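2 protein chains.
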Amino acid sequence: MTLIRKPVTGMKDILPAEMEIRDYCIRIIKKTYAEFGFQSIETPCVESIENLTSKSGGDNEKLIFKILKRGEKLRLSEAKSEADLVDSGLRYDLTVPLVRYYSNHENELPTPFKALQMGNVWRADRPQKGRYRQFMQCDIDIIGEPTNLAEIELITATTATLGRLGFRNFQIRINERRILRAMAKYSGFPEERFDEVCIILDKMDKIGLDGVKEELLESGFDAEAARRYLYLFEGMEKQSDSMAKLSWLEQELSRADAIEPDVIPNLRQTIETADRVKQAEFAIVFDPTIVRGMSYYTGTIFEIRMPELGISCGGGGRYDGMVGRFTGHDVPACGFSIGFERIILILMEQHFEIPGKPGKEAFLLGKDLPSDRLAEALSEARAEREAGKDVLVVRMNKNKKFQKQQLTEQGFTEFREFYAHPLGQES
Amino acid sequence: MTLIRKPVTGMKDILPAEMEIRDYCIRIIKKTYAEFGFQSIETPCVESIENLTSKSGGDNEKLIFKILKRGEKLRLSEAKSEADLVDSGLRYDLTVPLVRYYSNHENELPTPFKALQMGNVWRADRPQKGRYRQFMQCDIDIIGEPTNLAEIELITATTATLGRLGFRNFQIRINERRILRAMAKYSGFPEERFDEVCIILDKMDKIGLDGVKEELLESGFDAEAARRYLYLFEGMEKQSDSMAKLSWLEQELSRADAIEPDVIPNLRQTIETADRVKQAEFAIVFDPTIVRGMSYYTGTIFEIRMPELGISCGGGGRYDGMVGRFTGHDVPACGFSIGFERIILILMEQHFEIPGKPGKEAFLLGKDLPSDRLAEALSEARAEREAGKDVLVVRMNKNKKFQKQQLTEQGFTEFREFYAHPLGQES
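Which chain is which? The protein sequence lines are A and B, in order. So that you can map any letter, position 6 of the first sequence is 6 in my numbering, and since no number is skipped, the others follow by simple counting. Count along the second sequence starting at 1, add 1000, and that's the number in my numbering.
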């Protein structure tokens, strides 16, 4: 019998060098978020199929790894469709499980509830470089905080974490779903097509302002509406910074009575406060072109932009409607997700050195070591460990020089040799 | 639309209090094993169905959560059996994935390879109290070390870890598959039925020596063989300790030429050395009735016995044949698994206090705090975090007294209040 040596399609084995960096990042992330009062939780990797297909997961619902019913419940001969065969599946995100968890344990949890989840999710995506079908997500969420204190804390905690992991000069780009709607309303797009407008706007970074205009017209939107829409973006581009952009936009949208009066002041406060209290070197920037895919966002939305990567490296937003859909009563919620796998990718490419790693020492044991000498070597290893070192104890190979060379490549810097006779080399 | 609030049958949500203990244990386990030179690795939770059903998993192969094929590969109308529908499943242990991983990456890994795996596994067992269908396993394995240095290191590292988690006065009970075979041979049982004899012996702790004898006779074994077999156990029981038992047994088995000469001296050295170099308060005890279920063990086998629990709380052994079955060439291997979930259960029941936890401080923000005061509060929170405290910032509730009471129950010991006017209470 032969085993299939490769992992299943699209998933990967993690080698020790990467694993060390992952474990380090997990430690820093958990520690930093705990300082901000976030509490770790965990849900099963398997969710009932009803929850996974409840239309909260967007396109991810098409990518579910589904789990076959077991025992008597599986009736293959009577099964007419896939749905008859399965009762559960692997989670494709941590948001649906969080909302289920919260609705299940609401009475046992504090208000507001600040949750940290680090866990694998699975998506049967087309395999491609750097994207895997099993990957770790790292989400923080604040459930039950209606004010922008939630946004400020999420941004401060997440950026503090990234700063501790050595990231500098990144950006938090922030926008508001209600501003997106107000801009569409201002322009005169029909309300039932606001989502379509946003989907086109979302391509801005690829196709530019002219491309957006073209697509709007191609999609049959009114030319005057498209003109007014572009006028807003062009007007903001002329402003010097985020605050100036917001002021200009506020004036325009208010004049047309297109926006609730508290939206922009609220976003302004979020940006200003997050900038004042930050614990890392980053910039927070208002970006009216940020859309974010998931339909459940209702307010603020934000993304992390790393100088090392053209693409977003995490993000989140406010989703006040979602918990209520499940619990029956409205509960405000806001979350921020770090693109854990991308963070690891960047650190691996930068040959990241974990700070404060213990020294690595190797003990090489000569042939036919009597019990006493073996115990002596192991006792000395214990003493070295107690002194804060990592000690590997291995048998000495015939080619000792080559063995030491290999151990050096693995990061061992000190060596000790033990022979059958305390003072002698092997004969 | 309503969500199903409960987790899927047999799996559980982990609440913050348990999660804190789990995270703490994971940290200690990873740190301690790293000191011994074990390297963390990870494999996907999903394995190909061929590997999961390769007869290396014993009865666990009956408990696989199987994953439905996707897209064109799923041909429901043509499917004749379950096997036509699935291409993969959730792993039921970490040993099969480890062996696949090793055979896939042998050239990139050091020899010997000391691996640490902490990860979830899934078994569609009948749900029962304290046993879940998703649970964490924690395995260390040494691949490529033929001598008992592997056993000694596994036992020393695992017991050091348990010691750091606060466990005292536990036992490592150790035996040897080759001793089990030798005892059966000595007694005159037919070789092809040795496994059956061991399955009956495995019940010793429940049915006692007389029960074992009875079952042997009921199963049609020769009465004289049963008598000789029991004579060995009775003989050992009369000895004062592990070393005396081993000496007596060695004499008996050697006289009948039933055992290879190195087996018992080797086990004796393992026990003596592990006892001499130990980094925790435990006893290592030779127990000739330990059998362990998995068929792949070839040499030493061991279990952890906690005073808090009647049952085994982890175990392992040598499985020299298994890697070779997959790689095509023999590679010695030995592993030790901590019963992670049982450890957590014990710690939860003992209301375990995590040592060195940072102090918890709560900042309560009064109503209508202006931007400046909000930023001030958050800056002070930052300063407290930098001084090593965990700081939760929340809005002040109307019933402040009750809020503080609840926070106190959650472990907060210091409070600060912030109002719109620096000196004043709210009007």
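Glycine residues also receive a C-beta, built at the ideal position from the N, C-alpha and C atoms. These numbers come from a predicted model, not from an experiment.
Query raised in the report: Mind checking residue 427 of chain A: buried by the 16 CB within 10 Å criterion, or exposed?
Result: Below a pLDDT of 50, predicted positions are generally treated as unreliable, and residue 427 of chain A, at 42, falls in that range; no measurement from the model is reported.
Query - Members of the segment 35–68 of chain A that neighbour chain B once the beta carbon cut-off is set at 8 Å - result: 35, 36, 37, 39, 40, 41, 42, 43, 44, 45, 46, 47, 48, 50, 51, 54, 55, 65, 66, 67, 68
Report task. Could you tell me whether any Cβ in chain A is nearer than 7 Å to the Cβ of residue 1083 of chain B? Result -> no
Query raised in the report: In angstroms, rounded to a whole number, what distance separates the CA positions of residue 1078 of chain B and residue 1057 of chain B?
Result: 29 Å
Query raised in the report: Among A:74, A:304, A:289, A:377, which has the Cα closest to the Cα of residue 337 of chain A?
Result: A:304
Query raised in the report: With distances taken between CB atoms, is the gap from residue 1048 of chain B to residue 86 of chain A smaller than 7 Å?
Result: no
**Report entry** Segment contact flag, the segment 171–186 of chain A with the segment 211–222 of chain A, C-beta cutoff 8 Å, min 3 pairs
**Finding:** no
Query raised in the report: By Cβ distance below 7 Å, which residues in the same chain neighbour residue 223 of chain A in space, the five residues on each side in sequence not counted?
Result: 217
Query raised in the report: residue 1426 of chain B by DSSP, collapsed to three states: which one?
Result: Because residue 1426 of chain B sits at a pLDDT of 46, beneath the cut-off of 50, its placement in the model cannot be relied upon, and the following sentence gives the value as read from the coordinates. Coil at residue 1426 of chain B, not helix or strand.
Query raised in the report: Around the C-beta of residue 402 of chain A, are 16 or more other C-beta atoms found within 10 angstroms, so that it is buried, or is it exposed?
Result: Note on residue 402 of chain A: under 16 other CB atoms within 10 angstroms of its CB, so exposed under the neighbour-count rule.
Requested in this report: In the DSSP assignment, find the unbroken beta strand (DSSP E) run with residue 275 of chain A in it and report its ends.
Outcome: Segment 263–276 is the alpha helix (DSSP H) holding residue 275 of chain A; no beta strand (DSSP E) there.
Query raised in the report: Whose C-beta lies closer than 6 Å to the C-beta of residue 52 of chain A among residues of the same chain, with five residues either side of it excluded?
Result: 64, 89
Query raised in the report: So does the segment 141–148 of chain A actually touch the segment 9–26 of chain A, counting three or more Cβ pairs closer than 8 Å?
Result: As far as the Cβ criterion goes, the segment 141–148 of chain A does not touch the segment 9–26 of chain A, which means the pair count is below three.
Query raised in the report: Which of the residues in the segment 1115–1129 of chain B, read from start to end, lie with their CB under 7 Å from any CB of chain A?
Result: Sequence-ordered contacts of the segment 1115–1129 of chain B with chain A read 1120, 1124 [C-beta pairs closer than 7 Å].
Query raised in the report: Within the chosen definition, does the segment 1231–1246 of chain B reach the segment 1117–1134 of chain B through at least 3 CB pairs nearer than 8 Å?
Result: no
Query - Residue-chain proximity (residue 174 of chain A, chain B), Cβ-Cβ < 7 Å - result: no
Query raised in the report: With 7 Å set as the bound, which would you pick, yes or no: does the beta-carbon of residue 225 of chain A sit closer than that to a beta-carbon of chain B?
Result: Residue 225 of chain A does not count as touching chain B.
Query - CA nearest to the CA of residue 1356 of chain B, picked from B:1383, B:1389, B:1033 - result: B:1389
Query - 7 Å Cβ cut-off: residues of chain B touching residue 269 of chain A - result: Chain B residues near residue 269 of chain A: 1371.
Query raised in the report: What in chain B is Cβ-close to residue 390 of chain A, meaning under 9 Å?
Result: 1034, 1035, 1036, 1037
Query raised in the report: Comparing the C-beta of residue 273 of chain A with each C-beta of chain C, is any distance below 7 Å?
Result: The chain labelled as chain C is not found among the protein chains of the depicted structure, namely A and B.
Requested in this report: Please classify residue 128 of chain A: does DSSP put it in a helix, a strand, or coil?
Outcome: strand
Query raised in the report: Is the shortest distance between the beta-carbon of residue 101 of chain A and the beta-carbons of chain B less than 7 Å?
Result: Interface annotation, residue 101 of chain A: in contact with chain B, CB-CB separation under 7 Å.
Query raised in the report: Mind checking residue 112 of chain A: buried by the 16 CB within 10 Å criterion, or exposed?
Result: buried
Report task. Would you decide whether residue 1083 of chain B is buried or exposed? Buried here means 16 or more other CB atoms lie within 10 Å of its CB. Result -> With a threshold of 16 other beta carbon atoms within 10 Å, residue 1083 of chain B falls short and is exposed.
Query - Three-way DSSP call (helix, strand, coil) for residue 1015 of chain B in this model - result: For residue 1015 of chain B, the three-state secondary structure derived from DSSP is coil.
Query - Beta-carbon contacts of residue 1285 of chain B that lie in its chain and below 6 Å, excluding the five residues immediately before and after - result: 1171, 1173, 1242
Query - Cβ separation of residue 1302 of chain B and residue 1315 of chain B, assumed to be a contact under 8 Å, to the nearest whole Å - result: 6 Å
Query raised in the report: chain A beta carbons: is any one of them nearer than 7 Å to that of residue 1104 of chain B?
Result: yes
Query - Members of the segment 339–356 of chain A near chain B, C-beta cut-off 9 Å - result: none
Query raised in the report: Should residue 169 of chain A go down as buried or exposed, given a rule of 16 or more other Cβ atoms within 10 Å for buried?
Result: exposed
**Report entry** CB contact below 7 Å: residue 242 of chain A versus chain B
**Finding:** Residue contact with chain B for residue 242 of chain A: absent (no Cβ-Cβ distance below 7 Å to any residue of chain B).
Requested in this report: Specify the secondary structure class of residue 54 of chain A as computed by DSSP and reduced to three states.
Outcome: coil
Report task. Starting from residue 1337 of chain B, follow its DSSP beta bridges and name the residues at the other end. Result -> B:1139, B:1315
Requested in this report: Go ahead and pull the three-state DSSP assignment for residue 1238 of chain B.
Outcome: coil
Query raised in the report: Counting along the chain, where does the alpha helix (DSSP H) carrying residue 1095 of chain B start and finish?
Result: 1095–1105
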